[in-house]
Amino acid sequence: MILQDGGQILAVTAVDTGKGGTITINAFESIQVIGSGFVPNQAVTAPSRISTESGFTDLNLQGFSPGGNLTINTNQLIVTDDGIISAGSLGQGDAGNVDITANYIFLDNQGVITASSEGTGNAGNLTIHTDRLTLNDRSEVAVRSIGTGQGGNLTLNAGAILLDGKSQLTATSEALDPETALELGFEPEVLESNNALANAGSLTITTDNLTVNNDSEVTVSSFGLGNAGDINIQARDIFLDHGSRLSAETASGEGGNISLDVEQFLSLRRASSISTTAGTTGGSGNGGNIHINALFILTVPTENSDIIANAFLGQGGNISIDTAGVFGIEEREKLTPLSDITASSQFGQVGNIGINRPDVDPQRSLVKLPDEVVDASNVIVDACRPGEALSRGEFTIRGRGGLPSNPNEGVDNPTGLTELGYPNTDSLNTQPSDRDRSSPNFEGNSNQSETDTPTIVEAQGWIINADGNVVLTAKAPTVTPHSPGLSPANCYDLSNRNSSP
């Protein structure tokens, strides 16, 4: 579904009684609300919009009807170029609620989603469920009360949220301009007693990742006499960069509180801040409190990123931080050009700052020492006592252990060559193998005769037998000497050869 160039879907109540109509849109693919267009019969330029409104028929605020609710279910919701999705009240009736469920929501170039009240009625609540919410270029998701009505609550459940280019998530209440209020029919006594006494609503965010860039803001504020709402954020990571803010502030009322429950990293970069402020116009309200529970808080010391709980006349708010580590930012009594944590009041009592590191136990890093005093005589070696001879030490080696022999000592028990001879056949295993047992010629050990193996003796000579053959014998009648194959050199012969011409 596409609305563009001033296209509108409206449910408007302009009577004194009765509830305003509701709008429910279910679109499978996408809903796009884009741009604005010229309305010929009214001679004005009107934005493209989806809206429920309750109002009045004249300028005497006779409209008591509450506005209807607006419900949207779609895959993609795109609101760009001044497009608007809203539920509002322009009289004494309360505004309706806005409930949006979409996989992806994208706002760009001043796209707006709002639940607001301009009069005495209360603003409605705005609830968004999405996988990803992106706001670019001064776009806004807001609950707002302008007048005496109470501000509504803004609730976001998203996988990831990105704000960029001066975009806002806000819950605010504002005072009616006196001239405008009189034109709308407010009596002077009403203006004096009720105008802008309303409190701003609260802002609750549950997300994996919240990224706020380039002067964008997540704020709750009251610019009248009412109190600011609270900011409650549960996230895995929060990143603030380039002058972005998380803030709760009031002109005169009590400052709102900020509570951040961050599973991993809270990062503040390049003049970003987290702040609660009361008495922006010199009022007497007390500053709101800031509580941060994060694994790590990361800043750069020289980038002037601050965590602030301040007041003008009232008491400064308290700051409590539970973390495993704070890097790049320090506690200081007043703001400096560096990154600061301050809880101050210009004329009132300053607040308290507490930084706790529950995962760091100092007792675990301490070593328990013995209670008794160390006796120095028990630990000093007396081997070099003056006036006494040193005892001679000994070094004993048992066995060779791979050490070389002493060349000055004789060889103990020299081992010669021993002739082993032939093994005794009686000691051999004479059991037949399975293969022998299977042979047809095998008759067992009972049929085998034991024979002695003759001993081979080295020949000592030779004889000629009766047949004229030469026979080697161990017992020759005459030992025949033999000469080695190589004759040793004769020194006498060598000298004679060298001297011969």
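The sequence shown maps to residues 1 to 501 in the UniProt record's numbering. Glycine included, every Cβ here is placed at the ideal spot set by N, Cα and C. As the structure is a computational prediction, the values presented were derived from the model and not from experiment.
- Query: If we call anything under 8 Å between Cβ atoms a contact, is Asn227 one with Glu249?
  - Reply: no
- Query: In its own chain, which residues sit with a C-beta less than 8 Å from the C-beta of Glu333, not counting the 5 before and 5 after it?
  - Reply: Thr342, Ser344 and Val350
- Query: Is it buried or exposed for Thr148, if we count other Cβ within 10 angstroms and need 16 for buried?
  - Reply: buried
- Can you tell me which of Ala160, Asn286 and Leu169 puts its alpha carbon nearest to the alpha carbon of Leu154? Leu169
- Message: For Ser272 and Ile321, what's the separation of their Cα atoms in angstroms?
- Response: 18 Å
- Item | Candidates Asn109, Ser48 and Gly152, of which the one nearest Asp164 by Cα | Asn109
- Query: Hey, how far is the Cα of Glu331 from the Cα of Ile113?
  - Reply: 38 Å
- Message: Whole angstroms are fine: how far does the CA of Thr299 sit from the CA of Leu268?
- Response: 5 Å
- Roughly how many angstroms lie between the CA atoms of Asp208 and Ser244, to the nearest whole one? 19 Å
- Query: DSSP three-state call for Glu333: helix, strand or coil?
  - Reply: coil
- Item | Proximity to Pro66 [Cα-Cα], best of Ile72, Ser54 and Asn73 | Ser54
- Extent of the continuous beta strand (DSSP E) run through Arg49: Arg49 to Ser54
- Starting from Glu118, follow the beta strand (DSSP E) in both directions and report where the run begins and ends. Val112 to Gly119
- Item | Unbroken beta strand (DSSP E) run spanning Asn356, endpoints | Ile353 to Asn356
- How about Ala171 and Thr130: are their beta carbons less than 8 Å apart? no
- What does a CB cutoff of less than 8 Å around His242 pick up in its chain, not counting 5 residues either side in sequence? Asn213, Asn214, Asp215, Arg269, Arg270, Ala271 and Ser272
- Message: Let's test the definition: count the other Cβ atoms within 10 Å of the Cβ of Gly287 and tell me whether it reaches 16, buried, or not, exposed.
- Response: buried
- To which residues of the same chain is Leu156 closer than 6 Å at the C-beta, ignoring the five residues directly before and after it? Ile128 and Ile205
- My guess is that Ser222 and Asn257 are in contact by the Cβ rule of under 8 Å, so how many angstroms apart are they, rounded? Not confirmed; about 13 Å, so no contact.
- Query: Which term fits Ala474, buried or exposed, when burial requires 16 or more other beta carbons within 10 angstroms of its beta carbon?
  - Reply: exposed
- Message: Helix, strand or coil, according to DSSP, for Glu217 in the structure here?
- Response: strand
- Query: Cβ of Met1 versus every heavy atom of the ligand GDP: is any distance shorter than 7 Å?
  - Reply: Ligands displayed in this structure: none; no statement on the ligand GDP is therefore possible.
- Message: Judging by CA-CA distance, which residue of Thr13, Thr22, Ser173 and Asn318 is the nearest neighbour of Gly68?
- Response: Thr22
- Query: Between which two residues does the beta strand (DSSP E) containing Ser273 stretch?
  - Reply: Ser273 to Ala278
- Quick one: what's Arg144 bridged to in DSSP? Ser116 and Thr172
- Message: Suppose contacts are defined by Cβ-Cβ distances below 8 Å. Is Ile34 in contact with Thr80 by that definition?
- Response: yes
- Nearest to Val457 (by Cα), restricted to the options Phe347, Ala294, Phe38 and Leu472: Leu472
- N- and C-terminal bounds of the beta strand (DSSP E) containing Ser244: From DSSP, Ser244 is part of no beta strand (DSSP E); its letter is neither H nor E.
- Message: With H, G and I counted as helix, E and B as strand and the rest as coil, what does DSSP make of Thr473?
- Response: strand
- Query: Distance, Cα to Cα, Leu266 vs Gly224?
  - Reply: 32 Å
- Can you have a look at Ala43 and say buried or exposed, based on whether 16 or more other CB atoms are within 10 angstroms of its CB? exposed
- Query: Taking the alpha-carbon positions, what's the Ser117 to Thr13 distance?
  - Reply: 14 Å
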